[in-house]
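>
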Amino acid sequence: MSTIAVVYFSGGGHTHLMAEAIAAGVREAGHTADLLRITGEQITAGRWQDDVFMARLSTADAIVFGSPTYMGGVAAQFKAFIDGASSAWFVQQWKDKIAAGFTHSSSPSGDKQGTLLYLSINAAQHGMVWVGATDMPSQYQGKTDGINRLGSFLGIMGQSPMTMDGSPATLESGDRLTAELFGQRIAAAVERWTSQKVAVPA
Numbered sequence: 581m582s583t584i585a586v587v588y589f590s591g592g593g594h595t596h597l598m599a600e601a602i603a604a605g606v607r608e609a610g611h612t613a614d615l616l617r618i619t620g621e622q623i624t625a626g627r628w629q630d631d632v633f634m635a636r637l638s639t640a641d642a643i644v645f646g647s648p649t650y651m652g653g654v655a656a657q658f659k660a661f662i663d664g665a666s667s668a669w670f671v672q673q674w675k676d677k678i679a680a681g682f683t684h685s686s687s688p689s690g691d692k693q694g695t696l697l698y699l700s701i702n703a704a705q706h707g708m709v710w711v712g713a714t715d716m717p718s719q720y721q722g723k724t725d726g727i728n729r730l731g732s733f734l735g736i737m738g739q740s741p742m743t744m745d746g747s748p749a750t751l752e753s754g755d756r757l758t759a760e761l762f763g764q765r766i767a768a769a770v771e772r773w774t775s776q777k778v779a780v781p782a
């Protein structure tokens, strides 16, 4: 059984719901999901640090990165985590781990692609193996289940209208199902990768 870490920041709760759905898909596939939520309390004088958090990431077989899209990119809290995690980069601690990404915004576009690009570049910097999404948008299959309704393949996207009344965050049913299927896909990718990975001479 593999462990798949889902590390994310969530401001309004929507990205958290996506993370939970991904974790549900991982567990349905028979693997362990480790949800790691970034908080502002981990940031002191602009620097993110959490040694326990980093230790859990170092032992994971895969890391799924998630952030809401704010102003066309990742949230500041998530960027602080990325910078703080550069300690893992110096020793290539995450090299050859499976990686994937997800994001959410209140607009159908919201320039979410920029966030996914950043997440994939960060994974490449760490020498990770990126896994994208493969589910065809449901409308092209004559379905109405809303799977991959935003047509994203680099990673998955969610979208919910902005609410200003303090009501609890919700996810479109199609976005939730997309996230669950993504968790299953990542789990399958980890199975293939760990079963076929062989030592490569330095």
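Just so you know, this note's numbering puts 639 at position 59 of the sequence shown, and the rest follows in order with no gaps.
Using N, Cα and C, we set each Cβ at its ideal position, and we do this for glycine too.
Which residue marks the beginning of the beta strand (DSSP E) containing residue 684, and which one marks its end?
Counting along the chain, the beta strand (DSSP E) containing residue 684 begins and ends at 678–685.
> Tell me the DSSP bridge mates of residue 762?
Answer is none; residue 762 lacks a bridge partner.
> Among residues of its own chain, excluding the 5 on either side of residue 685, which ones have a beta-carbon nearer than 7 Å to its beta-carbon?
The residues are 648, 649, 692 and 739.
> Does the separation of the CB atoms of residue 601 and residue 759 fall below 8 Å?
For residue 601 and residue 759, yes; Cβs fall inside 8 Å.
> Residue 712 and residue 682 look like a contact to me (Cβ under 8 Å); what is the Cβ gap, rounded to whole Å?
Between residue 682 and residue 712 the Cβ distance is about 11 Å, and since that is not below 8 Å, they are no contact.
> Under 6 Å Cβ to Cβ from residue 590, same chain only, skipping five residues before and after it: list those, please.
596, listed in sequence order.
> Exposed or buried, what is residue 695 when buried is set at 16 or more other beta-carbons lying within 10 Å of its beta-carbon?
Its Cβ being crowded by 16 or more others within 10 Å, residue 695 is buried.
> Within 10 Å of its beta-carbon, does residue 651 have 16 or more other beta-carbons around it, so buried, or fewer, so exposed?
Exposed, since its Cβ has fewer than 16 Cβ neighbours within 10 Å.
> When the distance is taken between beta carbons, is residue 603 closer than 8 Å to residue 586?
In this structure, residue 603 lies closer than 8 Å to residue 586 by Cβ.
> Evaluate contact between the stretch 715–727 and the stretch 627–646, counting only Cβ atoms and requiring at least three cross-stretch pairs below 8 Å.
No: fewer than three Cβ pairs fall under 8 Å.
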